[in-house]
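**Student:** Here my numbering is used: position 108 in the sequence shown is 108, and no number is missing along the way.
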Amino acid sequence: MRKYLKRPKVGLEVELFTLDNTGNPVPAVDRLIKNCPVQKRQYAIQREYAKHLLEIGAFPTIQVRNLALSFLENLEAVAETAEEMDLLLYPLGTYPGKFTSEVRRDYPYVAKEKVLGEPFKNIAPKVAGFHFHYGLPRGVLNRSTYELRMTKNSQAREAFLSAYNFLIAADPALTTFMQSSPFFEGKLLGKDSRTLLYRDMKSKVNDEIIRGIYREERTFGRIPRYANTAADLNFLVEKRRS
1 MRKYLKRPKV
11 GLEVELFTLD
21 NTGNPVPAVD
31 RLIKNCPVQK
41 RQYAIQREYA
51 KHLLEIGAFP
61 TIQVRNLALS
71 FLENLEAVAE
81 TAEEMDLLLY
91 PLGTYPGKFT
101 SEVRRDYPYV
111 AKEKVLGEPF
121 KNIAPKVAGF
131 HFHYGLPRGV
141 LNRSTYELRM
151 TKNSQAREAF
161 LSAYNFLIAA
171 DPALTTFMQS
181 SPFFEGKLLG
191 KDSRTLLYRD
201 MKSKVNDEII
211 RGIYREERTF
221 GRIPRYANTA
231 ADLNFLVEKR
241 RS
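Structural data, given as structure tokens:
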């Protein structure tokens, strides 16, 4: 039996808009990635659904300090390349004005369009995300069924459940620290408009109803409930599958 990794790895990703020197979004991500020297990268720079959105990450690690340093080194390399290309990187999550976006037709994005419909098509290309990843401790996941193992090691089980519940509790704080611009397509939506637009929320702004991308898929779009047992988590996994 594999030993449990006491301190799981964490990772982060930040999405940025590419703008021209007049401040308008431009589909320049492919050129930017091509021109960014491979030897300067600490971790893969990824393309996103929209051709003006760039994802910068950091190699997953146990130490948050090392994670942050890796991310900053990667960001510096991309920022230097963008400056050489007379491009700007916009980090505020939502762009304040209206613009037309070009999107990719890769299978994962087409599948999301079919499942999530018009809200995804209209909102996702114009919202840049922040992702904090928490790796499952080694040995917890059953890779054949993708369910969590009901480990007999009570200490490991409790540590994992505590970490899971802590991340749920920390979500509002992380959302606050990483809140986006309040503006979207020329409208003032409110603090952290990114959260309003992406999650399972429904809000009324100036007599207009704003529905988040995951409004109709609340199993994925809302903060999960706290878990008391591994069975609670497996129930959530099965619910999302169905």
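Where is the CB? At the ideal position from N, CA and C, for every residue including glycine. In this text the structure is predicted, and so the values were computed from the model without any measurement.
Check whether the Cβ atoms of R241 and G221 lie closer than 8 Å to each other.
**Tutor:** To locate residue 241, count along the sequence shown from 1; it is residue 241. To locate residue 221, count along the sequence shown from 1; it is residue 221. Not closer than 8 Å, so no.
**Student:** Please report the distance separating the alpha-carbon of S70 from that of N206.
**Tutor:** Numbered from 1 along the sequence shown, position 70 holds the residue referred to as residue 70. Numbered from 1 along the sequence shown, position 206 holds the residue referred to as residue 206. Approximately 42 Å between the Cα atoms of the pair.
**Student:** Do G135 and K9 come within 8 Å of each other at the CB atom, strictly closer than that value?
**Tutor:** Numbered from 1 along the sequence shown, position 9 holds the residue referred to as residue 9. Numbered from 1 along the sequence shown, position 135 holds the residue referred to as residue 135. Yes.
**Student:** Enumerate, from N- to C-terminal direction, the unbroken beta strand (DSSP E) stretches of 3 or more residues contained entirely within the region 7-77.
**Tutor:** DSSP runs (the beta strand (DSSP E)) wholly in the region 7-77: 10-19, 45-47, 53-57.
**Student:** In three-state terms, what does DSSP make of N142?
**Tutor:** Residue 142 sits at position 142 when you count from the first residue of the sequence shown. In this structure, N142 counts as strand in the three-state DSSP scheme.
**Student:** Using the three-state DSSP reduction, which class does K191 fall into: helix, strand or coil?
**Tutor:** Locating residue 191 in the sequence shown gives position 191, where the first residue counts as 1. K191: coil per DSSP, three-state reduction.
**Student:** Which stretch, first to last residue, makes up the alpha helix (DSSP H) that contains Y164?
**Tutor:** Here residue 164 refers to the residue found at position 164 of the sequence shown. Counting along the chain, the alpha helix (DSSP H) containing Y164 begins and ends at 154-177.
**Student:** DSSP beta-bridge partners for I210?
**Tutor:** On the sequence shown, position 210 is the one that residue 210 refers to. DSSP, once it has assigned bridges, lists S203 as partnering I210.
**Student:** Would you say I62 and L54 are within 8 Å of each other, going by their C-beta atoms?
**Tutor:** Residue numbering aside, residue 62 sits at position 62 when the sequence shown is read from its first letter. Residue numbering aside, residue 54 sits at position 54 when the sequence shown is read from its first letter. No.
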